[in-house]
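Take a look at the structure below.
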Amino acid sequence: MENYRVLKISITLLLIFAPQDFSNAYSISTHENLTNNIIDEYERLSGVTFTERQKALVVSGAKYEDLDARPVNHFFDPVNNRGLDLPLVPKRNASPEWATNPYLQATFLKNASKDTKLYNFRGDYSWHRAVYEYVHGDKESALKTLGHVLHLLEDLTSVPHTRNDAHSGSWFDGSSYYEDYTKGLDPDVHVDAIRGVNSVGRLFKDTAMYTNENFLSRDTVFENFKNPRLNLDDREKQFIINNIGAKLVRVKGRENKKTGKFKLEDLELNNNQVMQSYWEHLSRRTVEDGAALVDLFFREVEKERASGELLAMNMSYNETKRTLEQFGAFGIAKKIYGSSLAAADLAELNRDKLRGALSANKYYKIKVKNEEVLRRALAGAGAGTKVYDSQLASAVQALGRDRGSSDNGSDAVVVEAPAPAEPAREEVFLF
Amino acid sequence: MKRVVYLIVFGALVFGAYFALRLYDDYKTEIEFQQSIAPYRQMAEESEQYMKYVAREKERTTEMLRADTYGGETPEETLALFVEALEARDAKLASKYYLPWLQKEAEKDMRDWMENYEDGLEKFLEAYKKEILKKDESYVAGISLDIYDSSSDEYPYVIKMQQNKETKLWKITEF
Chain X
8 MENYRVLKIS
18 ITLLLIFAPQ
28 DFSNAYSIST
38 HENLTNNIID
48 EYERLSGVTF
58 TERQKALVVS
68 GAKYEDLDAR
78 PVNHFFDPVN
88 NRGLDLPLVP
98 KRNASPEWAT
108 NPYLQATFLK
118 NASKDTKLYN
128 FRGDYSWHRA
138 VYEYVHGDKE
148 SALKTLGHVL
158 HLLEDLTSVP
168 HTRNDAHSGS
178 WFDGSSYYED
188 YTKGLDPDVH
198 VDAIRGVNSV
208 GRLFKDTAMY
218 TNENFLSRDT
228 VFENFKNPRL
238 NLDDREKQFI
248 INNIGAKLVR
258 VKGRENKKTG
268 KFKLEDLELN
278 NNQVMQSYWE
288 HLSRRTVEDG
298 AALVDLFFRE
308 VEKERASGEL
318 LAMNMSYNET
328 KRTLEQFGAF
338 GIAKKIYGSS
348 LAAADLAELN
358 RDKLRGALSA
368 NKYYKIKVKN
378 EEVLRRALAG
388 AGAGTKVYDS
398 QLASAVQALG
408 RDRGSSDNGS
418 DAVVVEAPAP
428 AEPAREEVFL
438 F
Chain W
5 MKRVVYLIVF
15 GALVFGAYFA
25 LRLYDDYKTE
35 IEFQQSIAPY
45 RQMAEESEQY
55 MKYVAREKER
65 TTEMLRADTY
75 GGETPEETLA
85 LFVEALEARD
95 AKLASKYYLP
105 WLQKEAEKDM
115 RDWMENYEDG
125 LEKFLEAYKK
135 EILKKDESYV
145 AGISLDIYDS
155 SSDEYPYVIK
165 MQQNKETKLW
175 KITEF
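Residue numbers (our numbering), protein chains in the order written: chain X, 8 to 438; chain W, 5 to 179.
See below:
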């Protein structure tokens, strides 16, 4: 065992310049079975019925998320908030980011262009794309995309995915005992109730934390993470039982007949009973959290129908940039002709467009000077008030100090410094 | 007439300037866009390289397994052959009963055992002769053969094995 580990470390060092992370995952049939169980439970508890075709679409999405280079993005270590991260190899995307960032998926797959709208990228199977398609586009594509996101959630109940264990399955890095054991298994989980969750990111974190803190993977047996801890007092016959009642690991050793003291010889994860116990706990959690994700999806669909938020932000890189620049053009016009319009007025006039551009820019990350002020102006407009409030006044003061550098006719947002006498009523201008 | 020409030239200049500015702006946007996606593209490139690397290594693994002809058709047969090699103090042959990628390290270990821990080796061979074997098949991958020495309270010798998927012969993975 020790020799094998040394061999693996040596090979890792030898391959410093070769990118060397790759994941296997639950087998395709296991994903298929888990997803079927999730949909069945969601239907039973919510009263919503999927047609056979709709169900097949979700399952098909869950089966195909492992294509191409996508699996390198299926890791999430919630303790250190990172994706797959091996020594001397660049980090990969953490799965919650992969699941929720359409632009990331498009660029990673080389499908991004500056003229394609945010929710039109090929190869994007992200969470909001699913919601967008369901409300404004193709419902079938939406369900398939939902399947892709379910796949990512399911992977977070596969232990190595949450403990930074690459488990590539090649000769220098073994496969996962858990994934080998669960190949083709069909869960029959019955959930008591659908758990209410408010964000996909939070759900991913909770799921990953449950897996990370309660279970072990082949290369992290009581190593690299604080939990679960090794406590030989938690031994029942030949297994250590963790605090949620799962067989954590098999212990091999002997009890001294005279002293009764246990001498530990080996800890084995490679054991059918241990893996069966893992499966019982983890498949239950997958189905519970999967049903919660499907429930969240339909709630987000309703939210989008009411708000049109995703529709507003469905802009290309170019459109987003131009929209934000329009405020610059306004600033120039204001300087030439004069205007009494304040930031909030302008924001109110262009509310939907500005809101969409700012939201889209969370993904595009186009550099816009004083973007925060734009956001606050929009927030003020949304509340039906001018941006004179004290919260913004402090931003005004801060930005006023930098005015010299931003007042240069570029696409920056320039803010008049507040007059000392009436700081709270000072107007905030976009240029 | 002259005024008309001036106007046309002026108009053309304005249009040209506007057109040039638009071109410059498009160019600038394209550069910014390419810069913004560069890190993701790099990550994608590295991932693709790795996919190829893993595929190559998996193929190599299969080739190594196919070429490996040492071992028995049952775990017990492989153990008997392994013990035979130890009795002959043939470290190289003993290591051949390990999985191919473990053989180099195993040969070193066997040699060290033979040269520096002769007593330990004899003790193992004695225990094996008593034939107190327990076959543990509770592993996800492989089995283990535990050799107990009934006269001792010591922990058994545990030899873990896996079947070579290509040749179906049993190979040692851990001892």
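C-beta atoms are modelled at their ideal positions from N, C-alpha and C, and glycine is treated no differently.
*Should S99(W) be flagged as near chain X, meaning a C-beta pair shorter than 7 Å?*
no
*State yes or no: is the C-beta of Y7(X) within less than 7 Å of the C-beta of Y185(X)?*
This structure gives no information on residue 7(X), because the portion of chain X shown stretches from 8 to 438.
_Neighbouring residues, chain X, relative to F37(W) (Cβ below 7 Å)_ = Those are K121 and Y324, listed as they occur along chain X.
_Which of the three DSSP states is assigned to T330(X) in this structure?_
helix
_V196(X) and R291(X) - do their beta-carbons sit closer together than 7 Å?_
yes
*asked:* Please confirm whether Y159(W) has its beta-carbon closer than 7 Å to some beta-carbon of chain X.
replied: yes
_Less than 7 Å between the C-beta atoms of A137(X) and T152(X), yes or no?_
Cβ distance < 7 Å, so A137(X) and T152(X) count as in contact.
*Please classify T177(W): does DSSP put it in a helix, a strand, or coil?*
strand
*Using a Cβ-Cβ cut-off of 7 Å (strictly less than) and excluding sequence neighbours within five positions of L111(X), which residues of its own chain qualify?*
N100, E104 and W105
*Residue interval of the alpha helix (DSSP H) (run including E311(X))*: N279 to S314
_Unbroken alpha helix (DSSP H) run spanning Y22(W), endpoints_ = K6 to A71
_So M282(X) contacts chain W; which residues on that side make the cut at Cβ distance below 7 Å?_
V144
*Looking only at its own chain, which residues have a Cβ that is under 8 Å from the Cβ of E141(W), when we skip the five neighbours before and after it?*
I147
*Assign S323(X) to one of three DSSP states: helix, strand, or coil.*
S323(X) carries a coil assignment under DSSP once its states are collapsed to helix, strand and coil.
*Report back the beta-carbon spacing between V256(X) and L239(X) to the nearest angstrom; my notes put them in contact at under 8 Å.*
About 11 Å separates the two Cβ atoms, so there is no contact after all.
*Identify every residue that forms a DSSP beta bridge with L271(X).*
G260(X)
_Neighbour flag for M118(W) against chain X, beta carbons, 7 Å_ = no
_Between which two residues does the alpha helix (DSSP H) holding D47(X) run?_
I35 to S53
*Where does K133(W) land, buried or exposed, given buried means 16+ other C-beta within 10 angstroms?*
K133(W) should be labelled exposed.
*asked:* Going by DSSP in three states, Q245(X) sits in which element: helix, strand or coil?
replied: coil
*Going by Cα to Cα distance, which pick from K268(X), H135(X) and E316(X) is closest to T107(X)?*
H135(X)
_Supposed contact pair K139(W) and Y152(W) - C-beta distance, whole angstroms, cut 8 Å_ = The Cβ separation is near 12 Å, so there is no contact.
_L150(X) and V65(X) closer than 7 Å at C-beta_ = In this structure, L150(X) lies near V65(X), with their beta-carbon atoms less than 7 Å apart.
*Report yes if the C-beta distance between S323(X) and T123(X) is below 7 Å; otherwise report no.*
yes
_I251(X), buried or exposed, once every other Cβ within 10 Å from all chains shown has been counted against 16_ = exposed
*For the candidate residues K360(X), D187(X) and G90(X), whose alpha-carbon lies nearest to that of L276(X)?*
D187(X)
*Tell me which same chain residues have a C-beta within less than 6 Å of the C-beta of K212(X), skipping the five on either side of it?*
P85
*Using a Cβ cut-off of 7 Å (strictly closer), state whether V8(W) contacts chain X.*
False, the Cβ-Cβ gap to chain X never drops below 7 Å.
*asked:* Can you tell me where the beta strand (DSSP E) holding D150(W) begins and where it ends?
replied: I147 to I151
*Going by beta carbon distance, what residues of the same chain come within less than 7 Å of A442(X), once the five residues before and after it are set aside?*
Outside the modelled stretch of chain X, which goes from 8 to 438, sits residue 442(X), for which no answer is possible.
*Have a look at G130(X), R60(X), S53(X) and V55(X) and flag the residue whose alpha-carbon is nearest the alpha-carbon of L74(X).*
G130(X)
_Which same chain residues end up closer than 7 Å to D359(X) when comparing Cβ atoms and leaving out the 5 residues on each side of it in sequence?_
Scanning its chain for C-beta atoms nearer than 7 Å, with the 5 sequence neighbours on each side dropped, one finds around D359(X) the residues A319, in chain order.
*Quick one: using the 10 Å Cβ neighbour count with 16 as the cut-off for buried, is L129(W) buried or exposed?*
Burial call: exposed.
*Thinking R382(X) and L365(X) are a contact (beta carbons under 8 Å), I'd like their distance in whole angstroms, please.*
6 Å
*asked:* Per the DSSP calculation, V162(W) is bridged to which residue(s)?
replied: D150(W)
_Residue environment, Y132(X), which counts as buried when at least 16 other CB atoms sit within 10 Å_ = buried
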